[in-house]
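A.B. asks: Dumping the structure here so I can ask a few things about it.
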Amino acid sequence: QWLSDRKKRALQKKDVDIRRRIELIQDFEMPTISTKIKVSRDGQYIMAVGTYKPRIRCFDTYQLSQKFERCLDSEVVTFEILSDDYSKIVFLQCGRFVEFHSQHGHYYRTRIPKFGRDFSYHYPSCDLYFVGASSEVYRLNLEQGRFLNSLQTDASESNVCDINPVHFLFAMGTAEGKVECWDPRTRNRVGLLDCALSSVTADTEIDGLPSISALKFDGALNMAVGTSTGQVLLYDLRSSNPLIVKDHHYGLPIKSIQFQRQLDLIISADSRIIKMWNKDTGKIFTSMEPEHDINDVCLYPNSGMLMTANEAPKMNIYYIPVLGPAPKWCSFLDNLTEELEENPESTVYDDYKFVTRKDLENLGLAHLIGSSLLRAYMHGFFMDIRLYHKAKMMANPFAYEEYRREKIRQKIEETRAQRVQLKKLPKVNKELALKLIEEEGEEQQVTKKRRQKNLPSLLKDDRFKVMFENPDFQVDEQSEEFRLLNPLVSKISEKRKRKLKMLEELEAQEQEEEEEPEGKASDAESSESSDDEKGWVEEVRKQRKLLRQEEKVKRQERFKEDQQTLLKPQFFEIKEGEEFRSFKDSAKKQKLMKKTLGDRLKLEEKLGTLNVSDTTVGSKQATFKLKKSEQQRKQQQAEKQHRQERKALRRSASHLKSKRGRGRLFH
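Position in the sequence shown (from 1) plus 896 gives the number in the working numbering.
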């Protein structure tokens, strides 16, 4: 917006969007907005209606330009091309008018009783079916030139209608969210669908009653219905339940529904977005969000071209090569799209640099804010790229040296990646880690062949991290349990130990040598054949023989040590408050502990420390008397002696008092 015209023309040479923008049809636009767009059956003419003033424009695809333009008295609600070319057109206008145009221009004009919203043409009988703000469907016969008896429906108002191109079934969508199907031959209703109830699912939020806003047949059996709340329902005419319900999630009325048969797609559009999705699975194929609101969508037959009528003067044309080939009148689009994919283009703002306020402060250019050198845009500014480079060189003069060092470091890292990578083993359980690495490599080869998912490695799992860090988890391979449970591990571990030693030497010397190939045959691998079981038994016997020999050697060593040791007397300290009687008490206690519970109870009962009696219920009741220790016994005796002394003192005191009383009386 702030560039000069000369600069704009220069930038257009680099602008990707402008270079890719091809004006297929000259002046393909309307003065203000376009409301409807259609293609004739022969594919030569594209017709669009819009405002302001109300008009229709016809574009000839063979000439890639506008053929004619006609102004109308009132705005067009919808129109229909009756012939293969532009020679017969019917317009439904806002003021209840129905206007007919022929090849030369305006032909005839009539009115219908109520305001119309949509109409369809029944080719076998030459009847026009009008629906609108009424419960009746008006029929106008073009062969006789008069109105016929209207169809009386149960709806208060009708919004859209369509006629099946195969068996000519007439369907109309009502404001109550229902679809009524009529047979034009008998003029009777043959079916009724409640789409409003079917459109409400668990994920949708509905504020009011959904009405029908779009309706389209596909073949003899399929029908798509669009609601005013943004749902699209696909029906099979043989069932009252929808095959699939697709929600646009915008809450806007569906304005257009088209079928793309090559890829089995449904193209549904509301005022904000165009969605293409598979009619069998409901999976989104792609979606488009134009800059302006959408009024109508037209799919060019048997091609990948899509045209839209918008709330803007320009009518958009989209070409999607995946949907189909380009039309024959613009077949050069196929070659252009291939060239555009091969040649990547630069961006529009090559001569300008976008900087934020923080970037300006780092460059020392914050004082330029508000001047003509900076153009405010969004959360930052546009500045000339030459000024940016000069300011950056002044702010950081050593930037090139840093860039050079970074490039050199990247080159060195690339060469290091090509060297032999030494496997870094943990400090604890190195052999187990090497075994897991080898098994992981073998499993990766198997999973690649079978196309399976790789399982997580134990070395990278946090749950087993301590096993390779804590020395308490070190595997003791010399233990009896390990050697008996893993008899063949000794042979296999020899090869692994040699490899582990080689890796340690490489790490110590820091030499870049290639590792020994793992696929080389060895004695351990040859033993793993059909006679594995025989070798396992022999290895178990060998290990047991070795264990017996080691145990015999250990016993001999212990015997020699016992002979060399001299027995010395041991002294034990008695706790305070206890008396030593003899060693017989401990022997008695040990004998007593070896006896059964019944024998011990009988012995306690004889000593008087236990009393066993029968209860009335039939069970037994046992009363125990705890044995007192020597310290408790001494304490009780001291307390008893103390009590006796206190009693003696009391007696002597009372005796003295009585003597004093008697002496006073005698005195």
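Every residue, glycine too, gets a C-beta built ideally from N, C-alpha and C. Please read all numbers here as calculations on a predicted model, not as lab measurements.
With distances taken Cα to Cα, identify the nearest neighbour of Asn1084 among Ala1208, Ala1534, Arg1134, Leu1065.
C.D. replies: Checked all of Ala1208, Ala1534, Arg1134, Leu1065; the closest Cα to Asn1084 is Leu1065.
A.B. asks: According to the neighbour-count rule (16 or more other Cβ atoms, all chains shown, within 10 Å of its Cβ), is His1538 buried or exposed?
C.D. replies: Exposed is the call here.
A.B. asks: Since Asn1258 is in the beta strand (DSSP E), which residue starts that stretch and which ends it?
C.D. replies: From DSSP, Asn1258 is part of no beta strand (DSSP E) but of the alpha helix (DSSP H) over 1253–1259.
A.B. asks: Between the beta-carbon of Leu1036 and the beta-carbon of Leu1024, is there less than 9 Å?
C.D. replies: Yes, the pair counts as a contact, with Cβ atoms nearer than the cut-off.
A.B. asks: Between Ser1124 and Ser1152, is the Cβ-Cβ spacing less than 9 Å?
C.D. replies: It is not a contact, given that the beta carbons lie outside the stated cut-off.
A.B. asks: What would DSSP say about Val1303, mapped onto helix, strand or coil?
C.D. replies: It is worth fixing the name first, because residue 1303 is Lys in this sequence and not Val. Helix.
A.B. asks: Once the 5 residues before and after Gln1158 are set aside, which same chain residues still bring their CB inside 6 Å of it?
C.D. replies: Cβ neighbours of Gln1158 beyond the five flanking positions: Gly1220.
A.B. asks: Would you give the residue range spanned by the alpha helix (DSSP H) that Lys868 belongs to?
C.D. replies: In the structure displayed, the chain extends from 897 to 1563; residue 868 sits before or after that span and is not available.
A.B. asks: Rounded to whole angstroms, what's the CA-CA distance from Lys1288 to Leu1259? Just pull it up for me.
C.D. replies: Roughly 6 Å separates the two Cα atoms.
A.B. asks: Return the CA-CA distance between Glu1373 and Lys1456, expressed in angstroms with no decimal places.
C.D. replies: Spanning the two alpha carbons is a distance of roughly 28 Å.
A.B. asks: Taking only the alpha-carbon atoms, compute the straight-line gap between Arg1007 and His1144 and give it to the nearest angstrom.
C.D. replies: Whole-angstrom Cα-Cα distance: 37 Å.
A.B. asks: Rounding to the nearest angstrom, what Cα-Cα distance links Ile1216 and Lys1356 in this structure?
C.D. replies: Those two C-alpha atoms are separated by around 47 Å.
A.B. asks: Tell me which residues share the same chain as Asp1090 and place their Cβ nearer than 6 Å to its Cβ, disregarding the 5 neighbours each side in the sequence.
C.D. replies: Only Lys1074 meet the Cβ criterion.
A.B. asks: Just curious, the alpha helix (DSSP H) that Cys1091 is in, first and last residue?
C.D. replies: Counting along the chain, the alpha helix (DSSP H) containing Cys1091 begins and ends at 1091–1095.
A.B. asks: In terms of residue numbering, what span does the beta strand (DSSP E) encompassing His1002 cover?
C.D. replies: Run containing His1002: 1002–1007, per the beta strand (DSSP E) assignment.
A.B. asks: Taking Cβ positions, are Ser1183 and Leu1129 nearer each other than 9 Å?
C.D. replies: Their beta carbons are not under 9 Å apart, which means Ser1183 does not touch Leu1129 by this criterion.
A.B. asks: Alpha carbon to alpha carbon, how far is Gly1276 from Gln959? Give it in angstroms, no decimals.
C.D. replies: Roughly 47 Å separates the two Cα atoms.
A.B. asks: Cβ atoms of Ile1163 and Asn1174: under 9 Å apart, would you say?
C.D. replies: Taking 9 Å as the Cβ cut-off, Asn1174 and Ile1163 do not qualify as a contacting pair.
A.B. asks: Taking only three categories from DSSP, how would you classify Asn1084?
C.D. replies: Strand at Asn1084.
A.B. asks: Under a Cβ-count criterion, where at least 16 other Cβ atoms within 10 Å of its own Cβ denotes burial, should Tyr1003 be classed as buried or exposed?
C.D. replies: So Tyr1003 counts as exposed.
A.B. asks: Three or more beta-carbon pairs under 8 Å between the stretch 1291–1310 and the stretch 1263–1278, yes or no?
C.D. replies: In short, these stretches do not touch, since the Cβ pair count stays below three.
A.B. asks: Quick one: what does DSSP say His997 is sitting in, helix, strand or coil?
C.D. replies: Note: His997 maps to strand in three-state DSSP.
A.B. asks: Tell me the residue span of the alpha helix (DSSP H) that contains Met1203.
C.D. replies: Premise fails: Met1203 lies in the beta strand (DSSP E), 1201–1206, not in any alpha helix (DSSP H).
A.B. asks: Identify, in the order they occur along the chain, each residue of the same chain with its Cβ nearer than 8 Å to the Cβ of Glu965, setting aside the five sequence neighbours on each side.
C.D. replies: These residues qualify, in order along the chain: Arg951, Ile952, Arg953, Cys954.
A.B. asks: Quick check on Pro1110: buried or exposed, where buried means 16 or more other Cβ atoms within 10 Å of its Cβ?
C.D. replies: Per the sequence shown, the amino acid found at residue 1110 is Ala instead of Pro. Buried: at least 16 other Cβ atoms inside 10 Å.
A.B. asks: Only counting the same chain, and skipping five residues up and downstream in sequence, which positions put a Cβ closer than 8 Å to that of Tyr1146?
C.D. replies: Same-chain partners within the cutoff: Gly1126, Asp1166, Arg1168, Ile1169.
A.B. asks: If you reduce the DSSP assignment to three classes, tell me which class Tyr941 lands in.
C.D. replies: It is a strand residue.
A.B. asks: Apply the 10 Å Cβ neighbour rule to Asn1292 and answer buried if 16 or more other Cβ atoms are within range, or exposed otherwise.
C.D. replies: Exposed, because fewer than 16 other Cβ atoms sit within 10 Å of the Cβ of Asn1292.
A.B. asks: So, Ile933 versus Met1211, is the Cβ gap smaller than 9 Å?
C.D. replies: The answer is yes: Cβ separation under 9 Å.
A.B. asks: Is the beta carbon of Ser1599 less than 9 Å from the beta carbon of Ser998?
C.D. replies: This structure gives no information on residue 1599, because the portion of the chain shown stretches from 897 to 1563.
A.B. asks: Cα separation between Lys1326 and Phe1364?
C.D. replies: Each residue's alpha carbon lies about 8 Å from the other.
A.B. asks: With a threshold of 8 Å on Cβ separation, who are the neighbours of Glu1072 within its own chain once the five nearest residues in sequence on each side are excluded?
C.D. replies: Ala1051, Ser1052, Ala1092, Leu1105, Ser1107.
A.B. asks: If I follow the unbroken beta strand (DSSP E) through Met1119, where does it start and stop?
C.D. replies: Start and end: 1118–1123.
A.B. asks: Taking DSSP as the reference, what is the three-state secondary structure of Phe924?
C.D. replies: Note: Phe924 maps to coil in three-state DSSP.
A.B. asks: State the Cα-Cα distance for the pair Phe1026 and Ile929, rounded to the nearest angstrom.
C.D. replies: Computed Cα separation, rounded: 25 Å.
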